[in-house]
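Peer 1: Quick one: structure below, then a few questions.
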Amino acid sequence: MNPNQLTEQLGLFLDVLESGSFSAASRRHPLTPSAVARRIDSLESAVGSQLFIRSTHAVRATPAGLAFAERARRIVAELQLARAEAVSLSSAPEGLIRVDAPAAFGRRHLAPVIADFLVLYPGLDVQLHLIDSFVDMDGSNLGKVDLVLRAGQMADTRLVATPLASMVRIACASPDYLKRRGVPSEPAQLGEHDGLDWDGLAPPFAWRFEQDGQMQLHRPARVRMSANNAEALVCGALAGLGIAHLPTWLASEYLLRGELLPLFCENGLPKPESTGIYALRLEQQASSRSRLLLEYLKTRFSPVPPWDLALQRELGRH
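Set out below in structure tokens:
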């Protein structure tokens, strides 16, 4: 098995583990659910151990599967980094990479990673332009910049999207609010609570929760504050105004510090959305320096983003 096949096989295994089903994992790959199941069967035969317990509703990792996942994540990261370094050594990269990214994600997660990248590759420079919008998949600035980071459904087939990170959304509120109003035990009880919501077009998975294998919409009855910016909703949640439904890349630091408390997470984090965070480029061949940056970002943000790994460890303690 060559390195690309190994990366793909282990990535598929990790996607099944993360999503909890063959069908959800198949949507991230050009495969049918039955093809995913066959590949997992083949991997289990090669490993010599059962990695998953299958049921009609979900796929759960066995203890052997969880142990294998830890190794698999490290192997995938090392292979991706080795590929990136090989590109670097073969092309001696120099020059400028221009990147557009959403401001909140850029400040919290992207800028520190790019700084590490530039330390590793002194011949490269990055021009990072932070903008307000995240859900904008038309890539209107491509041509002026090399890469655009966005989240959401791909609509324009002229663009090539490289998945960088999965997107998980979590309902949360401040300890003060939950002490005053009580803790809802299931999403259907959100109608009895105050909330913070988007003004205008909300993300497609906002206030949607999986129940009995289906996505159902449940949202607070009264909206104490609405905003067209998720960071503003965080401020309202921290102030105790109500419940917010936020992406973990934005809420993780407050959840880890206990300033916000997670809801409906008795079985761990919710499943990732079928969309994610992508780097977009034009259909033409990417430059070697852009490919190098893409590979480096993938090693740092996938298969499970660091902010979700930290939350998984924290939830596992409770």
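Each number in this note's numbering corresponds to the 1-based position in the sequence shown with 64 added.
Beta carbons are placed, not taken as given, at the ideal position from N, Cα and C, and that holds for glycine.
(1) Take LEU440 as the anchor and find which of THR363, SER351, TYR360 has the nearest alpha-carbon.
(2) Kindly say whether ALA315, judged by its beta-carbon, lies nearer than 9 Å to any beta-carbon of chain D.
(3) If we call anything under 9 Å between Cβ atoms a contact, is ALA165 one with VAL123?
(4) Quick one: does the C-beta of THR126 sit closer than 8 Å to a heavy atom of the ligand ADP?
(5) Is ARG91 helix, strand or coil when you go by DSSP?
(6) Here's the rule I'm using: 16 or more other beta-carbon atoms within 10 Å means buried, otherwise exposed. How should ILE117 be labelled?
(7) For ASP200 and HIS257, I'd like the C-alpha separation in whole angstroms.
(8) At which residue ranges does the region 182 to 270 contain complete beta strand (DSSP E) runs of 3 or more residues, listed in the order of the chain?
(9) Using CA coordinates, which residue listed in LYS208, ILE178, ILE307, ASN292 is at the minimum distance from GLN253?
(10) Quick one, are the C-beta atoms of ASP261 and VAL224 less than 9 Å apart?
(11) Considering only the alpha carbon of each residue, which of VAL183, LEU184, ILE178 lies closest to LEU192?
(12) Measure the alpha-carbon distance for PHE273 versus GLN144 and round it to whole angstroms.
(13) How close, in whole Å, do the beta carbons of VAL190 and LEU182 come, if the pair is a contact with beta carbons under 8 Å?
(14) Could you pull the start and end residues of the alpha helix (DSSP H) that VAL370 belongs to?
(15) Okay, do the region 107 to 115 and the region 86 to 99 touch, 3+ Cβ pairs below 8 Å being the bar?
Peer 2: Based on what the coordinates show:
(1) Shown here, the chain extends from 65 to 382; a query on residue 440 therefore has no answer.
(2) Here there is only one protein chain, and chain D is not present.
(3) By one-based count along the sequence shown, residue 165 stands at place 101. By one-based count along the sequence shown, residue 123 stands at place 59. For ALA165 and VAL123, no; Cβs fall outside 9 Å.
(4) The ligand ADP is absent from the structure shown, which contains no ligand whatsoever.
(5) As a first step, residue 91 is located in the sequence shown; it is residue number 27 there, counting from the start. Three-state DSSP puts ARG91 in coil, outside helix and strand.
(6) As a position in the sequence shown, residue 117 is number 53, starting the count at 1. When all chains shown are included, ILE117 counts as exposed.
(7) Translated into positions along the sequence shown, residue 200 becomes position 136. Translated into positions along the sequence shown, residue 257 becomes position 193. In this prediction, ASP200 has a pLDDT of 48, which is less than 50 and means its spatial position is unreliable; what the coordinates show is noted afterwards. Each residue's Cα considered, the two are about 31 Å apart.
(8) 188 to 195, 211 to 215, 223 to 230, 233 to 237, 258 to 262
(9) Translated into positions along the sequence shown, residue 253 becomes position 189. GLN253 has its Cα closest to that of ILE307, out of LYS208, ILE178, ILE307, ASN292.
(10) Taking the first residue of the sequence shown as position 1, residue 261 is located at position 197. Taking the first residue of the sequence shown as position 1, residue 224 is located at position 160. For ASP261 and VAL224, no; Cβs fall outside 9 Å.
(11) What you label residue 192 is simply residue 128 of the sequence shown in a count that begins at 1. Looking at the Cα atoms, ILE178 is the closest of the given residues.
(12) If you number the sequence shown from 1, residue 273 lands on position 209. If you number the sequence shown from 1, residue 144 lands on position 80. Roughly 33 Å separates the two Cα atoms.
(13) Taking the sequence shown and counting its residues from 1, one reaches residue 190 at position 126. Taking the sequence shown and counting its residues from 1, one reaches residue 182 at position 118. Indeed, because the Cβ distance is near 6 Å, the residues count as touching under 8 Å.
(14) If you number the sequence shown from 1, residue 370 lands on position 306. Here the sequence assigns Pro to residue 370, which means Val is not the residue at that position. From DSSP, the alpha helix (DSSP H) with PRO370 extends over 370 to 380.
(15) no
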